[in-house]
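Residue numbers (my numbering): 1 to 182.
For glycine and all other residues, C-beta sits at the position ideal for the given N, C-alpha and C.
Report on one structure; see the data block that follows.
See below:
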């Protein structure tokens, strides 16, 4: 059994209002309000998706498995842009991700892929989005704190450290899970 799960609403749910113009958007939420926002959107008959992962939480007297958002601070919702005000009025919603005031839609395929992953029995963990050429920082291991340019991604990332003044560099393999964007 997987240590991950998701709060899902199937695309076939007839109770949700959906028009041909309905698209997926990322909803930016207040810290730890993702679940509450999802529930409020569903009460307003707006399809919502909150991918989660099971994490251990520790209190002074016990440990317990809890559902934690895969992308803290975000929930996804499918709606027509005319429902923008309805979404923004939900307590806990900070904003809808947009650029220059224009809502930024998420391709259906990306949400579909996420759903397929969280419904599977595969193990998964969130990871930073890094790409070749990006400056990254090593966060674990003997090189923790080192900053370099990512030359290659894979199970082992190839990191280049440089001394620009003398135009010299050295490269080293590090575990890909140990780097994050700088």
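| query | result |
| --- | --- |
| The segment 96–109 contacting the segment 38–48, beta-carbon criterion three pairs below 8 angstroms | no |
| Any chain D beta carbon closer than 8 angstroms to residue 50 | No chain D appears in this structure, which consists of one protein chain only. |
| Best match in 27, 30 and 76 for proximity to residue 49 [C-alpha to C-alpha] | 76 |
| Closest Cα partner of residue 107 within the set 16, 89, 154 and 24 | 24 |
| Within 8 angstroms, strictly: CB atoms of residue 22 and residue 78 | yes |
| Beta bridge counterpart(s) of residue 86 as assigned by DSSP | In the DSSP output, where bridge partners are listed per residue, residue 86 has none listed. |
| Neighbour-count burial assignment, residue 46, 16 or more Cβ in a 10 Å radius | buried |
| Opposing strand residues paired with residue 127 [DSSP bridges] | None, per the DSSP bridge assignment. |
| Residue 37: first and last residue of the uninterrupted alpha helix (DSSP H) it sits in | 34–43 |
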